[in-house]
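Taken in sequence, the protein lines are chains F and X. One gets our numbering by counting positions in the first sequence from 1 and adding 1 to each. One gets our numbering by counting positions in the second sequence from 1 and adding 1 to each.
There are 2 protein chains.
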Amino acid sequence: MEINKQKRLKARGWRVGSAEDFLGLSREEIEYIELKLLLGEHLTSRRRAKKLKQVELAELLQSSQSRVAKMEKGDSTVSLDLLIRALLALGATRRDLAGILSSVRTVARRPG
Amino acid sequence: MEINKQKRLKARGWRVGSAEDFLGLSREEIEYIELKLLLGEHLTSRRRAKKLKQVELAELLQSSQSRVAKMEKGDSTVSLDLLIRALLALGATRRDLAGILSSVRTVARRPG
DNA sequence: CCAATATATGCCCGATATGACATATTGCCA
DNA sequence: TGGCAATATGTCATATCGGGCATATATTGG
């Protein structure tokens, strides 16, 4: 687990601090978080592909711009449910979702 | 969409009745429900593969037998979140999940 | 066919996610 | 650099989810 990932996760609300340090996260927890980030990233690209702004997608989903922003960022207050329903609403099929899940998340990495 | 599926879905709490008939469900709604059923079925088989009873899995998940039963049946009060976390807790990886999603659900069918 | 065991269903109430709003931050282009 | 559009973040009330219990219904072994 590299430093960059740690930063990205710690950045948002993931209760990682205090007693239980980051490295104390169990495999499931990590996979779960990765899942969210992954789905969020794909939501962004699907939205962009349709030339929609967050506000417009929000309208489509009967939600709000702020919530869409949180979805795309994998905020801790957003459920997989919402994320998946959003993707479905943008036309993704079950197989598309499968493709997303099996894809490898590319994390920006500093040279060296 | 065959009769069997309709029955299975209507059986549980899916608000399908009254005004909006089953056929009125949108593609997303259908995919969403299928997703749950699919994940639920795989949860059952993973649990069985580990020779666990629902009570035992419940304990593992810090949940209750009744909730596990509902997960496995794709009850409407169960979120994808819970289902996926349960699968992760049983050792499934993101790729495993992807495999599940892309699999085709086999529905029992009467001969003839 | 009967117990015993496993699973399913219904309900309640406390926990958490959600939409909405206000506001801050970023990104873009002249 | 300024100014505007887009996105991000914080907070709150309400709606929905989740654990737990009671009980009904399967399923299994004798």
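Backbone N, C-alpha and C define an ideal beta-carbon position, used for all residues, glycine too.
1) When you compare only the Cα positions, how much space is there between F/A59 and X/K52?
2) Report the start-end ranges of each alpha helix (DSSP H) in the region 76 to 110 of chain F that is 4 residues or longer and not cut off at the edges.
3) Under the three-state reduction of DSSP, which class applies to X/S64: helix, strand or coil?
4) Please list the partners that X/L36 has in chain F, where partner means a Cβ-to-Cβ separation under 9 Å.
5) Just how far apart, CA to CA, sit F/L84 and X/K54?
6) For X/R47 and F/E35, which I take to be in contact (beta-carbon distance under 8 Å), what is that distance rounded to the nearest angstrom?
7) Can F/S115 and F/L39 be called in contact, C-beta distance under 8 Å?
8) For chain F, check one thing: does any of its Cβ atoms lie closer than 8 Å to the Cβ of X/A109?
9) Residues of the region 70 to 84 of chain X in Cβ contact with chain F at a cutoff of 7 Å, in chain order, please.
10) Less than 8 Å between the beta carbons of F/D82 and X/L81, yes or no?
11) With a threshold of 16 other CB atoms inside 10 Å of the CB of X/L86, please say whether the residue is buried or exposed.
12) Determine the extent of the alpha helix (DSSP H) in which F/S46 is found, giving its start and end residues.
13) Mapping DSSP to helix, strand and coil, what is F/K54?
14) Once the 5 residues before and after X/V69 are set aside, which same chain residues still bring their CB inside 6 Å of it?
15) So with Cβ pairs under 8 Å, would you call F/S46 a contact of chain X?
16) Is the shortest distance between the beta-carbon of X/E42 and the beta-carbons of chain F less than 8 Å?
17) Flag this pair as yes or no: are the beta carbons of X/L89 and F/E29 separated by less than 8 Å?
18) Going by C-alpha distance, which of F/I31, F/Y33, F/H43 and F/L26 is nearest F/A93?
19) Please report how far the alpha carbon of X/K1 lies from the alpha carbon of X/S67, in whole angstroms.
20) Rounded to whole angstroms, what's the CA-CA distance from F/L91 to F/Q63? Just pull it up for me.
21) Let me see if you follow: with CB-CB separation under 8 Å, is X/L102 close to chain F or not?
The short version:
1) 44 Å
2) Counting only runs of 4 or more, we get 81 to 90 and 95 to 103.
3) In the three-state reduction of the DSSP assignment, X/S64 falls in the coil class, being assigned neither a helical nor a strand state.
4) I85, L89, R95 and L98
5) 31 Å
6) Rounded to whole angstroms, the Cβ separation of X/R47 and F/E35 is 20 Å, and the two are not in contact under 8 Å.
7) With chain F represented from 2 up to 113, any question about residue 115 of chain F goes unanswered, as that position is not in the structure.
8) Residue placement at X/A109 cannot be trusted, given a pLDDT of 46 that sits under 50; the coordinates are not used to answer.
9) Per Cβ criterion, the list reads S80, L81 and D82.
10) yes
11) Before going on, a small fix: residue 86 of chain X reads as Arg here, not Leu. X/R86 comes out buried.
12) R28 to A50
13) Here F/K54 sits in coil by DSSP.
14) Q55, L58 and A59
15) Under the 8 Å criterion on CB atoms, F/S46 is classed as non-interfacial with respect to chain X.
16) no
17) yes
18) F/A93 has its Cα closest to that of F/H43, out of F/I31, F/Y33, F/H43 and F/L26.
19) Past the edges of chain X, shown from 2 to 113, lies residue 1 of chain X, and the structure says nothing about it.
20) 13 Å
21) yes
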